[in-house]
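Okay, structure first, notes after.
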Amino acid sequence: MPEYKFIFKRVRKYILYLLALYVLGWGLTSYQSIFLGLILGTSISLFNLWVLDRKMKQFGEVMVNGGKIHSLGLLTRMATAVFAVLVAMEYSNYIHLISVVIGLMTAYIVIMIDNFLAFSFR
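Each residue of the sequence shown is one higher than the last, beginning at 520 in my numbering.
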């Protein structure tokens, strides 16, 4: 199994732990709109990570077999991010917009922290 698959699996696990913490925060604190925004943004971020993982697998297969791939899913990932922001704007009484944006960046932040920790303990 290539190294990127291990990285995606580990990052996916960390994001699911974060989502569990956000759900606890939503249920146990009075900051429900903030945690709901974090839940929405992080869920979309996890979906975008899954799309990127799937496209990377396709890219690897195409490169091995000798073919052509058109994109790595940038349009799909951008559209889901826009969708999350539009949902947050429509239901602004229930979902905090800045929390959604922070949640959308969660996968990238987790990947950077994971890589930093992996390289510093080698």
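All C-beta atoms in this analysis are idealised placements derived from N, C-alpha and C, irrespective of residue type, glycine included.
query	result
Hey, Val601 and Leu559: beta-carbon distance below 9 Å or not?	no
Can you tell me whether His589 is buried or exposed? The criterion is at least 16 other CB atoms within 10 Å of its CB, across all chains shown.	exposed
Which residue wins for smallest C-alpha separation from Ile628, given the options Glu609, Ser564, His615 and Ser639?	Ser564
Would the segment 611-618 and the segment 547-558 be scored as touching if the rule is three or more Cβ pairs under 8 Å?	yes
Among residues of its own chain, excluding the 5 on either side of Leu591, which ones have a beta-carbon nearer than 8 Å to its beta-carbon?	Leu571, Lys574, Met575 and Phe578
Excluding five sequence neighbours on each side, which residues of the same chain lie with their C-beta closer than 7 Å to the C-beta of Thr595?	Val570
Let's test the definition: count the other Cβ atoms within 10 Å of the Cβ of Ile632 and tell me whether it reaches 16, buried, or not, exposed.	exposed
Can Ser568 and Ile534 be called in contact, C-beta distance under 9 Å?	This sequence places Leu at residue 568; Ser is not what is there. Yes, these two residues count as a Cβ contact at 9 Å.
The alpha helix (DSSP H) that contains Leu543, what's its start and end?	Glu522 to Leu547
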